[in-house]
Amino acid sequence: MVKADVNRELVNLLYQQDSYITASKLSIQLNVSPKTVYRAINQINDRVGKPKLIVTAKGKGVEINRQRTMTDEVPYSNVADISNGDGFSPSKRRKQIMLRLLYMSPQGMDVRSLYKNFYVSDSVINNDEKVIGTWLERYGLRMHRSHWKLAIVGEELVVRRAISVLTDLTGIIDFNNIFKFSKVALNQMDVNFVIDLIRDAEKDLRIEIPYPYDINLFSHVYILINRYRNVGNRGFIGVHPVAESKMPNRKLLECTQIMGRRIEKYAHIKLPATEITYIYEYLNASRITGDDQRADILPQRAIQVAQDYVYMVGEILHMTIHADDIIEDLSNHIRPMLNRLANGIQAKNELLDQVKREYPQILDAVVQASKKISVKYQLENISLDESAFIAIYIARVVEQTKRPLHIVIACTTGIGTAELIRVKVHKTLPNLVVDDVISLNQYMTNRQKYRDIDFIISTIPLKAERDVPVIVVSALFSQRDQNAIRKIINQLSGGAAWKK
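In this text, residue positions in the sequence shown follow my numbering: the first is 49, and each later residue adds one.
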């Protein structure tokens, strides 16, 4: 086995070369034999997989595979979001480094130990520190370096929040699929324990903790166990415990205390009272659907917040949202949301990207309303994830009330081509209403007749048209044509299609 230090020195030397270098020259610089150099190369390539990090050429020697590493060497200002990436990509590497440092926070870790399996140059490590440091600043955390040690420093709740963000459980619908979808390696024994813990709690309380609240609770307990296992009482949440009198649901409190004792026994740790409080609040802030909760009267505050959302979003979108269609369901969602905000509980929304993509105008309107509501009710900042949950309720009503889009299909002279396009539109975009299929001369002669249509699909440009969008397509109605039409549909769905 080649020593890790030799591997690292070898990689650093190769990064400094502008071209191939022979193994014999490397062996002299590393003070090892040529055989040791070749063993180190094979070991590194075996660890990183394909494509190889170090390539050889007969008669030339060896060099770093620049094609593989080019994304590692870009300036840090151009690096994408740290929480994305696969395999040994730069973002995946940084995520793994971040998680190790976060779980050990505030203790430092040796830089060489952190990077020993990644085989990157010192310049790449320095670049990683800049990227990671920038990402941490968004969460109120900072990177601290002392000689060869790195550490992440910050409040415990913020550290756990960052771990939760990086431990991507997106796409998990049930706990049975947790390993299939998770992009971060999880300890299977811990996962099984936490799943059993939550399922037993559901049985004891005779409730069902729905998605995504079950995943949020899972993430909290899993992170809690591993924080205390790694750093002991340094992972203590530095807030005063809430008195039992402030936790009025006795059944829920008893269940939480049982969960705490089971966690202590399993992980061989001692939990302070604050941790029990947080587990209680995670359960209390979930949309619990047990029979004994269904008859609860909604708090007036939750109803008022829901009504404000409906009114404010309607004003921003210039549309009427019928409160009767949404207020009860939205209030039932807002009640636990208010609990989460009061207790600093972060709810992750796996549908966030989809909401951004499909309902950007609604989400933007909800975000604006959230800022106003936070001030009006003196709430903590309502996160984008929480706003996206509310946007889903608003979108449901909008989809139910949104009028269909009306179009006209026009071609150069005859109707044959336009009729063919009509068939293809009906097949690929069935929600569009085709008011007429005409020639361009017919359209230009009777333009007033079509003044209320939403847009025109035409085989040639209509330069005189300003008020009505024109989508120019080919007679074959290609995929590019379809995408262009979908784009205008999305734009109109955010405006004209929602007018009062």
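For glycine and all other residues, C-beta sits at the position ideal for the given N, C-alpha and C. Owing to the predicted nature of the structure, the values given are computational and were not obtained by experimental measurement.
Quick one: using the 10 Å Cβ neighbour count with 16 as the cut-off for buried, is residue i buried or exposed?
i              : result
histidine 268  : buried
aspartate 340  : In this prediction, aspartate 340 has a pLDDT of 44, which is less than 50 and means its spatial position is unreliable; what the coordinates show is noted afterwards. Exposed.
arginine 534   : exposed
tyrosine 359   : exposed
asparagine 55  : buried
methionine 237 : exposed
valine 446     : buried
arginine 528   : exposed
glycine 323    : Residue identity check: residue 323 is glutamate in the sequence provided, not glycine. Buried, by the Cβ-count rule.
arginine 342   : Summary for arginine 342: the model assigns pLDDT 42, below 50, so the residue's position carries little reliability; its value from the coordinates is reported in the next sentence. Result: exposed.
aspartate 500  : exposed
proline 138    : buried
valine 172     : buried
serine 506     : buried
threonine 304  : buried
arginine 383   : buried
lysine 143     : buried
isoleucine 508 : exposed
aspartate 372  : exposed
valine 473     : buried
valine 471     : exposed
glycine 362    : buried
asparagine 397 : buried
alanine 321    : exposed
alanine 439    : buried
aspartate 502  : buried
Please say whether residue j and residue i have beta carbons closer to each other than 8 Å?
i                 : j              : result
tyrosine 330      : leucine 378    : no
proline 154       : arginine 282   : yes
asparagine 32     : tyrosine 151   : A question about residue 32 goes unanswered here, because the residues of the chain that appear run from 49 up to 548.
tyrosine 357      : alanine 417    : yes
valine 415        : leucine 400    : no
isoleucine 504    : leucine 510    : yes
phenylalanine 525 : isoleucine 455 : no
valine 482        : glutamate 467  : no
asparagine 387    : asparagine 332 : yes
glutamate 111     : glutamine 65   : yes
threonine 460     : leucine 427    : no
valine 85         : leucine 101    : no
alanine 315       : tyrosine 276   : yes
proline 517       : isoleucine 536 : yes
glutamine 214     : leucine 147    : Residue 214 is actually leucine in this sequence, not glutamine. It is a contact, given that the beta carbons lie within the stated cut-off.
Among the residues of its own chain, which have a CB less than 8 Å from the CB of residue i, if the five just before and after it don't count?
i              : result
lysine 197     : Gly156, Met157, Asp158, Val159
valine 206     : Tyr187, Gly188, Leu189
isoleucine 375 : Ile351, Ala354, Gln355, Val358
glycine 181    : Arg190, Met191
Take residue i and list the residues in its own chain whose beta-carbon comes closer than 7 Å to its own, dropping the five residues that flank it on each side.
i              : result
leucine 319    : Gly308, Ile311, Glu312
glycine 597    : Since the first and last residues shown for the chain are 49 and 548, residue 597 lies out of range.
serine 435     : Leu411, Val414, Val415, Ser418
lysine 299     : Leu253
aspartate 170  : Asn60
asparagine 479 : Pro452
glutamate 204  : Gly283, Phe284, Ile285, Gly286
tyrosine 328   : Met295, Leu300, Leu301, Thr304
Check the C-beta distance from residue i over to residue j and give it rounded, since I have them as a contact under 8 Å.
i              : j                 : result
alanine 443    : tyrosine 491      : Between tyrosine 491 and alanine 443 the Cβ distance is about 34 Å, and since that is not below 8 Å, they are no contact.
tyrosine 326   : isoleucine 285    : 7 Å
isoleucine 257 : arginine 208      : About 20 Å separates the two Cβ atoms, so there is no contact after all.
leucine 540    : leucine 453       : 6 Å
alanine 395    : asparagine 264    : 6 Å
alanine 523    : threonine 476     : Not confirmed; about 15 Å, so no contact.
aspartate 176  : isoleucine 145    : 7 Å
glutamine 77   : leucine 62        : Not really, about 11 Å apart at Cβ, beyond 8 Å.
histidine 381  : phenylalanine 437 : 6 Å
For residue i, which residues of its own chain have a beta-carbon under 6 Å away from its beta-carbon, when the five flanking residues on both sides are left out?
i                 : result
phenylalanine 166 : Arg141
isoleucine 211    : Leu150, Ile271
leucine 58        : Ala88
isoleucine 430    : Ser418, Ser422
glutamate 121     : With a pLDDT of 37 at glutamate 121, under the threshold of 50, the predicted position of this residue should be treated as unreliable, though the coordinate-derived value follows. Once the five neighbours on either side are set aside, glutamate 121 has no close Cβ partner at all.
proline 82        : Ala71, Ser72, Ser75
Check the Cβ-Cβ distances between residue i and every residue of chain D, and say whether any is below 8 Å.
i             : result
glutamate 323 : Looking for chain D here will not work: only one protein chain is present.
Entirely enclosed alpha helix (DSSP H) segments - the stretch 398–422, minimum 4 residues
400–406
Give the list of continuous beta strand (DSSP E) stretches no shorter than 3 residues that lie fully inside the stretch 479–511.
481–487, 503–506
Complete alpha helix (DSSP H) runs within the stretch 365–393 (minimum length 4 residues, chain order)
375–390
Can you check the stretch 424–467 for any beta strand (DSSP E) of at least 3 residues that lies completely inside it and give the ranges in chain order?
Scanning the stretch 424–467 for uninterrupted beta strand (DSSP E) segments of 3 residues or longer gives 454–459, listed from N- to C-terminal end.
At 4 residues or longer, and completely inside the stretch 153–182: list those alpha helix (DSSP H) runs for me, N to C.
Complete alpha helix (DSSP H) runs here, min 4: 159–163.
Can you give, in chain order, each stretch of the beta strand (DSSP E) that sits fully within the stretch 273–323 and has at least 3 residues?
none
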